[in-house]
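*Asks:* Okay, handing you the structure first.
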Amino acid sequence: MNNARAKWITGMLSIWLWGCLLATGAARGDAPVSVDFLPQWSPQSQFAGYYVADAKGFYERRGLTVNVLRGGPDRPAGVQLSNRRVTFTTLFLTEGIALRDQGVPLVNIGQIVQRSALMLVALKKSGIRSPDDLDGRRVSVWDDFRLQPLAFFRQNHLSVSLVPQGYTPNLFLMGGVDAASAMWYNEYHVILNSGIDADELSTFLLADYGFNFPEDGIYCLEETLHRDPEAVRAFVQGSIEGWRYTFDHPEEAMAIVMACVDAANLPTNRVHQRWMLARMGDIICPGGNCAEMGRLNEANYLFVARQLRDNGIIQAIPDYQEFYDPRHATP
Amino acid sequence: MTRATRHPKRRGLALRLALFILASTTLIFLAAFGYSHYHSRRLVLKNVSAVAMDRAASVVLQIEIKLRSVEAIPRVVSRYLENRTVTDELVLPLMHDLVAGSPEIFGAAAAFEPHAFAPDQRFYAPYFYHAGSEEVTFAQLGNETYNYFLWDWYLIPKELNRPVWSEPYFDEGGGGILMTTYSHPFYERSEEGRLFRGVVTADISLENLVADIGAISLYETGYAFLISNRGAFLSHPDKTLIMRESIFSMAEARMLPELRIVGKAMIQGGSGFAAMTCSHTRRRSLLAYAPVTAAGWSVGVVIPEHELYADIRTLNRTVLAIAVAGLTLLLLVVVAISRSITRPLQHLVGATAEIAKGNLDVQLPVVRTG
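Residue numbers (the working numbering), protein chains in the order written: chain W, 1 to 331; chain U, 1 to 370.
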């Protein structure tokens, strides 16, 4: 009797356990995993691929619910990722390497932007037409992106007077500096849309002078990679699909980006966002070739890392294999 | 057969005479009409230019007066802070009372260079502002995520070494109102020269400033707008353009290169008058513009051409109707007169032909003289 009862209890227990296991399994299989994604700047076409992936359900289809957060200067993506406040961020390659060197266990899981958009801009009427003309001039540089211009000045043996650059090109527009830093997809067009014609400007795209630092890449922490590699792959694959869809359907992508921009009440416009989207195409798929999207070329990585080390920004070059995980971007 | 050829010839003579007189009269009329039309358009344009420029100038004046009155506060405070040992006791009550006593400003700050206030303090920027009703709220600006040294209101006057009105911006803390900040740099002066120590600022809401512009209307759909020194719309009847679009982005979006040229003249501080296609109404319009010197902005007044010339068009229609009636009457009169001249001649020609055939009984027309 006792034995039979024990058997019955054991049987019921095992059924209940089975049920629980099945339920957990179902939960893992059906209910989407929810993650936070923080782009490294305010909503704009620079992140079109992610907004499009979210709007078109490319993440959802891979079992991932992505909460796309609003980025901006008051929410530095690197800090938010380090503090585990978000799961995924985009970062410039230089920032990713620097954080890794500082001990943040982050991993590049997809290098989206292959070509640097950083440039220096000057007015031709100030007499600046070639790099040599920058000698002795006042040039504003962003603290976070000073490495490329500094290397460019050294290469050309220029002694320039550095001025910190803020969040707008207004100091340049008001004549406060002879040359300013600009992103080809952003500030350069802001300058054009402030009434300065393209033929009135001298431009120095730093990638053209041998300083091609790949820019936006997707990052997460090592622990995320170990805990949930499926989610990581889903996010990277969804994002790549988002970018491909964006370049194939630019008008639809523009509508999605403008909805994000309007929701954030940002002082920008469609003409500017359209320009930015076209330039993102140029730097993500240089020469119209999108095959490299998501891949971090080792030679490019080592070049950037050496520049960072030689300028004292990092102590040692993080191991390429540890820094970059190529599994998630490959189809 | 012969009669058939003779008949149109007879008609032709009268008609040709009538047409000749009519054509000459019409030409003379058209010349006079054309001149009068051209001249009256010029007169209207001249008068409207004056009206539009007056409107632009009065708006500019109103804005300038408000801006200049706000400029006084940072100017005086920055002068006061120079070469003084600044302490909390000195600066806090001063800033508080200035804001409390100046309802026209939204807030004011005294922002110092790194470690300029105290050696161990990187940021020191007490900020007082009107939060809602009468009360004045205090905030200490500057922290890890708000590094004010890099913001335009601090950086630009520092680098330009002169007071500056900032490019307007939406203040997120203040409920998304459009604001602009006047920043006056202050220095530590010594015999070797001067050393930059910080800026004193005053923020104002643009809402009151631009309300006067929004109220302007000329003719049916004429309006006024205000752009910043980068061409961004600060005031426009289409509110969705404000701060989002600039005169240059509109020129690019609507493919209006002439608008870009006007925009450049405007932000370079010019004043004048231009004819262009309005990006807002898509109609040919006249634009009068004048600079707001204090802040480097520009006011534009737009009047659609078709409204401007509406009176002239009505007048033209009346004149043309009179002309058509007059010319028709003239045609009838000329035809009647020429018929009365040519009819006896035709009879004579007929009689002569009969005589030539040998019919001498034919009756000749009666000759009337004098």
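Even for Gly, the Cβ is constructed at its ideal location relative to N, Cα and C.
Just so you know, these numbers come straight off a predicted model, no measurement behind them.
(1) Does the CB of U:Arg122 have a neighbour CB from chain W at under 8 Å?
(2) Just list the residues that DSSP pairs W:Ser126 with in beta bridges.
(3) If we cut at 8 Å on Cβ distances, does W:Ser194 have a partner in chain U?
(4) Would you say U:Asp203 faces chain W, with C-beta separation under 8 Å as the test?
(5) With 7 Å as the C-beta to C-beta threshold (strictly closer), list the residues of the segment 50-78 of chain U near chain W in chain order.
(6) For U:Ala356 and U:Ala325, I'd like the C-alpha separation in whole angstroms.
(7) Could you say which of W:Glu215, W:Ile284, W:Ala263 and W:Glu252 lies nearest to W:Ile240 if we only look at CA atoms?
(8) Helix, strand or coil: which one does DSSP assign to W:Gly294?
(9) When DSSP builds the beta bridges, which residues end up paired with U:Val299?
(10) Counting C-beta neighbours from all protein chains within 10 Å, is the total for U:Arg55 16 or more, i.e. buried, or is it exposed?
(11) Which whole-angstrom value is the C-beta distance of U:Ala290 and U:Val302, which I expect to be below 8 Å?
(12) To the nearest angstrom, report how far apart U:Val349 and U:Arg317 are at their CA atoms.
(13) In whole angstroms, give me the CA-to-CA distance for W:Phe204 and W:Pro131.
(14) Could you check if U:Thr87 is buried or exposed, using at least 16 other CB atoms within 10 Å of its CB as the buried criterion?
(15) Express the C-alpha separation of W:Val261 and W:Pro43 in angstroms, rounding to a whole number.
(16) Along chain U, which residues have their Cβ under 7 Å away from the Cβ of W:Thr268?
(17) Please give me, in chain order, every unbroken run of the alpha helix (DSSP H) with length at least 4 that falls completely inside the segment 162-228 of chain U.
(18) Considering Cα atoms alone, identify which of W:Gln237, W:Arg227, W:Tyr301 and W:Cys220 is closest to W:Ala84.
(19) Using a Cβ-Cβ cut-off of 8 Å, state whether U:Ile177 counts as contacting chain W.
(20) Identify the contact partners of U:Phe248 in chain W, using a Cβ-Cβ distance below 8 Å as the criterion.
(21) Counting only the same chain and skipping the five closest in sequence on each side, list residues whose C-beta sits under 6 Å from that of W:Leu173.
(22) Rounded to the nearest angstrom, what separates U:Ile216 and U:Thr201 at their Cα positions?
(23) Assess, as a yes-or-no matter, whether the segment 203-217 of chain W is touched by the segment 107-118 of chain W under the definition of 3 or more beta carbon pairs within less than 8 Å.
(24) Just the Cα atoms here: how many angstroms apart are U:Ile373 and U:Glu104?
(25) Among W:Pro229, W:Gly57, W:Arg274 and W:Val304, which one has its Cα closest to the Cα of W:Tyr185?
(26) Is the CB-CB distance between W:Phe37 and W:Val79 below 8 Å?
(27) Suppose contacts are defined by Cβ-Cβ distances below 8 Å. Is U:Ala294 in contact with U:Leu67 by that definition?
(28) Rounded to the nearest angstrom, what separates U:Asn143 and U:Phe117 at their Cα positions?
(29) Mind checking which residues open and close the alpha helix (DSSP H) that includes W:Arg345?
(30) Residues in its own chain within less than 7 Å of W:Phe58 by CB, not counting five upstream and five downstream?
(31) Out of U:Leu45, U:Arg260, U:Thr221 and U:Tyr223, point me to the one whose CA is closest to U:Ala232's CA.
(32) Interface residues of chain W around U:Gly231 at Cβ under 8 Å?
(33) Whose C-beta lies closer than 6 Å to the C-beta of W:Asp228 among residues of the same chain, with five residues either side of it excluded?
(34) Which residues share a DSSP beta bridge with W:Val121?
(35) Taking Cβ to Cβ, would you say U:Phe106 is nearer than 8 Å to U:Tyr124?
(36) Looking at chain U, is there any beta carbon in it that lies within less than 8 Å of the beta carbon of W:Val271?
*Replies:* In short:
(1) Working through the second sequence from its first residue, we reach residue 122 of chain U at position 122. By this cut-off, U:Arg122 is not an interface position.
(2) For the purposes of this step, residue 126 of chain W is taken as the residue at position 126 of the first sequence. Partner(s): none; W:Ser126 has no beta bridge.
(3) Here residue 194 of chain W corresponds to residue number 194 of the first sequence, with the count starting at 1. Interface residue, yes.
(4) As a working note, residue 203 of chain U is residue 203 in the second sequence. Output row for U:Asp203: interface = no.
(5) none
(6) Residue mapping note: residue 356 of chain U aligns to position 356 of the second sequence, counting from 1. Residue mapping note: residue 325 of chain U aligns to position 325 of the second sequence, counting from 1. Going by the C-alpha atoms only, they are around 46 Å apart.
(7) Here residue 240 of chain W refers to the residue found at position 240 when the first sequence is read from its first residue. The shortest Cα separation from W:Ile240 among W:Glu215, W:Ile284, W:Ala263 and W:Glu252 belongs to W:Ile284.
(8) The residue given as residue 294 of chain W occupies position 294 in the first sequence. Looking at W:Gly294 - three-state DSSP - the assignment turns out to be strand.
(9) Against the second sequence, residue 299 of chain U aligns to sequence position 299. According to DSSP, U:Val299 bridges with U:Leu226 and U:Ala290.
(10) Here residue 55 of chain U refers to the residue found at position 55 when the second sequence is read from its first residue. So U:Arg55 ends up on the buried side.
(11) Here residue 290 of chain U is taken as the residue at index 290 of the second sequence, counted from 1. Here residue 302 of chain U is taken as the residue at index 302 of the second sequence, counted from 1. Between U:Val302 and U:Ala290 the Cβ distance is about 13 Å, and since that is not below 8 Å, they are no contact.
(12) Your numbering for residue 349 of chain U matches position 349 in the second sequence. Your numbering for residue 317 of chain U matches position 317 in the second sequence. Roughly 47 Å separates the two Cα atoms.
(13) Taking the first sequence and counting its residues from 1, the one referred to as residue 204 of chain W is at position 204. Taking the first sequence and counting its residues from 1, the one referred to as residue 131 of chain W is at position 131. Roughly 8 Å separates the two Cα atoms.
(14) In the second sequence, counting from the first residue as 1, residue 87 of chain U sits at position 87. By the 10 Å Cβ count, U:Thr87 comes out exposed.
(15) Numbered from 1 along the first sequence, position 43 holds the residue referred to as residue 43 of chain W. Numbered from 1 along the first sequence, position 261 holds the residue referred to as residue 261 of chain W. Cα-Cα distance, rounded: 6 Å.
(16) As a position in the first sequence, residue 268 of chain W is number 268, starting the count at 1. Correct list: Arg244.
(17) 206-214
(18) Indexing the first sequence from 1 puts residue 84 of chain W at position 84. It is worth fixing the name first, because residue 84 of chain W is Arg in this sequence and not Ala. Among W:Gln237, W:Arg227, W:Tyr301 and W:Cys220, the Cα nearest to that of W:Arg84 belongs to W:Cys220.
(19) Taking the second sequence and counting its residues from 1, the one referred to as residue 177 of chain U is at position 177. It does not; no Cβ of chain W falls within 8 Å.
(20) Here residue 248 of chain U is taken as the residue at index 248 of the second sequence, counted from 1. The answer, in chain order, is Leu192, Asn193, Ser194 and Gly195.
(21) Walking along the first sequence from the start, residue 173 of chain W turns up at place 173. If we look at W:Leu173 and ignore the five residues flanking it on each side, its Cβ neighbours are Ser194.
(22) In the second sequence, the residue the question calls residue 216 of chain U occupies position 216. In the second sequence, the residue the question calls residue 201 of chain U occupies position 201. In a straight line, the C-alpha of U:Ile216 is about 31 Å away from that of U:Thr201.
(23) yes
(24) Residue 373 of chain U lies beyond the stretch modelled for chain U, which goes from 1 to 370, so this question has no answer here.
(25) Counted from its first residue, the first sequence places residue 185 of chain W at position 185. Nearest of W:Pro229, W:Gly57, W:Arg274 and W:Val304 to W:Tyr185, Cα basis: W:Arg274.
(26) Taking the first residue of the first sequence as position 1, residue 37 of chain W is located at position 37. Taking the first residue of the first sequence as position 1, residue 79 of chain W is located at position 79. Going by C-beta atoms, W:Phe37 is not nearer than 8 Å to W:Val79.
(27) Taking the first residue of the second sequence as position 1, residue 294 of chain U is located at position 294. Taking the first residue of the second sequence as position 1, residue 67 of chain U is located at position 67. The answer is yes: Cβ separation under 8 Å.
(28) One-based indexing of the second sequence puts residue 143 of chain U at position 143. One-based indexing of the second sequence puts residue 117 of chain U at position 117. Their Cα atoms are separated by approximately 15 Å.
(29) With chain W represented from 1 up to 331, any question about residue 345 of chain W goes unanswered, as that position is not in the structure.
(30) Residue numbering aside, residue 58 of chain W sits at position 58 when the first sequence is read from its first letter. Excluding residues within five positions, the ones whose Cβ falls inside 7 Å are Gly238, Glu241 and Gly242.
(31) As a first step, residue 232 of chain U must be located in the second sequence, where it is residue number 232. Minimum Cα distance to U:Ala232 is reached at U:Arg260.
(32) Taking the first residue of the second sequence as 1, we reach residue 231 of chain U at position 231. Near U:Gly231 (Cβ distances below 8 Å), the residues of chain W are Asn193, Ser194 and Gly195.
(33) Locating residue 228 of chain W in the first sequence gives position 228, where the first residue counts as 1. Cβ neighbours of W:Asp228 beyond the five flanking positions: none.
(34) Start at 1 with the first residue of the first sequence, and residue 121 of chain W comes out as number 121. Note: W:Val121 sits in a beta bridge opposite W:Ala180 and W:Thr203.
(35) As a working note, residue 106 of chain U is residue 106 in the second sequence. As a working note, residue 124 of chain U is residue 124 in the second sequence. Their beta carbons are not under 8 Å apart, which means U:Phe106 does not touch U:Tyr124 by this criterion.
(36) Walking along the first sequence from the start, residue 271 of chain W turns up at place 271. By this cut-off, W:Val271 is an interface position.
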